[in-house]
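Under the working numbering, residues 1 to 290 are what the sequence shown spells out, in order. By construction, the Cβ of each residue, glycine as well, lies at the ideal position given by its N, Cα and C atoms. Below is one structure, written out as structure tokens; the observations come after it.
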Amino acid sequence: MQTHRPLLLMATSSVCFAFMAFSAKLASARLSGSEIGFLRFAFMLLPLVVVPGLARKAVEFQRLDLLLYRGIFGGTAVLLYFLALAHIPVGLATLLNYSAPVFSVPFAAIFLGERADRRLLLPLVSALVGMTLAAGGGGGGAGALLHFGPWELAGMGSAVLSGAAVTAIRAARRTEGSWAIYGSFSLFGLIATAPFAVPGFQAPTEREWVFLSLVGGLSIVAQLLMTWAYRWVTNLQAGILSQLTVVLTLALGVIFLGDRLTPVQILGSLLTLAGVAGVVKVQATPRAVE
């Protein structure tokens with residue numbers, strides 16, 4: 001396998017995730033984040049329902065436990081991410097969610113037996129301080145330097161669960177096929193979002209269906225490209241390329257949605273990006289499968 005092809009696929013996946021988040025933000029003007037997340041997972045299950053061969057591949061597995069971890073952690077992380085995305089700037093929500101490599105360090109050490117290098121201390125501190133400033137630096141009134149609302153905390157929670165999900169992906173990719181991993185994520189994501197989406201479900205308008213179709217279609221493409229590329233790229237390469245999503249989403253929010261970050265949030269964003277890059281660099285591991 002030529003190195004540039006998996007890297008290109010991972011980069012393409014990151015771009016698709018950015019436009020998926022942007023489309024979800026547009027849909028959230030009226031629809032709830034949980035409903036958008038629910039419909040996203042419903043879209044993602046369509047290939048498995050429509051194509052019988054794919055459904056068979058989705059139920060071929062060796063380690064059911066890893067698929068359950070990936071599905072449960074990943075599905076709940078997306079729910080929290082979409083709840084945050086609907087209430088705070090799309091770039092900030094994405095920044096918090098994509099800080100997952102910071103939290104994958106302890107999960108990888110515990111469950112994959114990866115050594116926690118002491119050189120991780122500085123980038124970990126940088127990322128955690130950056131997340132705190134980015135999430136709480138929007139201004140809370142009464143002269144408060146930092147103010148954390150429920151949606152900022154939801155974004156940070158999505159990062160923790162995403163860190164667990166990423167660890168499960170890396171472990172599962174050693175033995176499981178892309179469709180099995182994809183199927184578990186889609187199914188359990190649908191289950192995780194349903195209790196929050198169904199009771200207050202609102203029928204989307206034609207315009208909102210366009211946005212939701214983009215969310216679903218881009219999610220399918222991005223998820224499959226990412227899952228497949230994880231078989232060939234290193235942890236360092238995947239971690240760095242995934243930050244393209246953050247940068248692009250921040251830019252889309254500023255250019256098209258008029259999002260504005262405070263100086264404290266800008267500083268926090270830079271510290272977070274630098275910290276995450278440092279974490280994935282130190283934690284660089286060989287490819288899961290050669």
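For residue i, report the span of its alpha helix (DSSP H) as first-last.
{"i": "Pro200", "result": "A small fix is needed here, since residue 200 is Gly in this sequence, not Pro. Unbroken run through Gly200: none, as it is neither H nor E."}
{"i": "Pro52", "result": "Pro52 to Ala58"}
{"i": "Pro263", "result": "Pro263 to Val282"}
{"i": "Ala165", "result": "Pro150 to Ala172"}
{"i": "Gln62", "result": "Premise fails: Gln62 is in no alpha helix (DSSP H) and is neither H nor E."}
{"i": "Glu206", "result": "Glu206 to Ala229"}
{"i": "Gly91", "result": "Val90 to Asn97"}
{"i": "Ser126", "result": "Leu121 to Gly136"}
{"i": "Ser104", "result": "Ala100 to Phe111"}
Assign residue i to buried or exposed, taking buried as 16 or more other Cβ atoms, counted over all protein chains shown, within 10 Å of its Cβ.
{"i": "Gln202", "result": "exposed"}
{"i": "Thr76", "result": "buried"}
{"i": "Leu121", "result": "exposed"}
{"i": "Val246", "result": "buried"}
{"i": "Thr205", "result": "exposed"}
{"i": "Leu261", "result": "buried"}
{"i": "Arg70", "result": "buried"}
{"i": "Leu46", "result": "exposed"}
{"i": "Ala142", "result": "Low local confidence applies: a pLDDT of 44 at Ala142 is under 50, so the model's placement there is unreliable, and no value is given."}
{"i": "Gly278", "result": "buried"}
{"i": "Ile36", "result": "buried"}
{"i": "Arg40", "result": "buried"}
{"i": "Gly216", "result": "buried"}
{"i": "Pro52", "result": "exposed"}
Let me make sure I understand the geometry here. Which of the options has the alpha-carbon closest to that of residue i?
{"i": "Arg174", "options": "Phe22, Ser126, Arg56 and Phe61", "result": "Phe61"}
{"i": "Leu83", "options": "Leu8, Ala159 and Gly71", "result": "Ala159"}
{"i": "Gly74", "options": "Val264, Leu153, Gly138 and Gly189", "result": "Gly189"}
{"i": "Thr132", "options": "Asn97, Ala116 and Ala238", "result": "Asn97"}
{"i": "Gly177", "options": "Arg56, Leu218, Gln243 and Leu124", "result": "Arg56"}
{"i": "Leu376", "options": "Leu7, Ala11, Arg5 and Pro6", "result": "Limits of the chain in this structure are 1 at one end and 290 at the other, which puts residue 376 out of reach."}
{"i": "Met20", "options": "Leu146, Gly91 and Ala172", "result": "Gly91"}
{"i": "Ile88", "options": "Thr227, Leu124, Phe22 and Ala109", "result": "Phe22"}
{"i": "Ala109", "options": "Leu214, Ala168 and Phe211", "result": "Ala168"}
{"i": "Leu7", "options": "Gln237, Ala93 and Ala154", "result": "Gln237"}
{"i": "Phe38", "options": "Val210, Glu152, Ala192 and Met226", "result": "Ala192"}
{"i": "Thr234", "options": "Gly155, Val282 and Ala58", "result": "Val282"}
Contact check, residue i vs residue j under 8 Å by CB: the rounded distance?
{"i": "Ala171", "j": "Phe111", "result": "7 Å"}
{"i": "Ala27", "j": "Leu212", "result": "6 Å"}
{"i": "Gly225", "j": "Leu9", "result": "The amino acid occupying residue 225 in the given sequence is Leu; Gly does not appear at that position. Contact holds; Cβ gap of about 5 Å."}
{"i": "Ala134", "j": "Leu95", "result": "6 Å"}
{"i": "Gly268", "j": "Asp259", "result": "About 15 Å separates the two Cβ atoms, so there is no contact after all."}
Is it true that the region 61-69 meets the region 170-185, where meeting means three or more beta-carbon pairs spaced less than 8 Å apart?
-> Counting Cβ pairs under 8 Å, three or more are found: they touch.
Please determine if the region 101-116 and the region 163-174 are in contact, where contact requires at least 3 C-beta pairs separated by less than 8 Å.
-> yes
Do three or more CB pairs link the region 30-50 to the region 79-98 at distances below 8 Å?
-> yes
Validate contact between the region 264-284 and the region 123-142 using beta carbons, cut 8 Å, 3 pairs | yes
Could you tell me whether the region 10-29 touches the region 232-251, using the rule of 3 or more Cβ pairs below 8 Å?
-> yes
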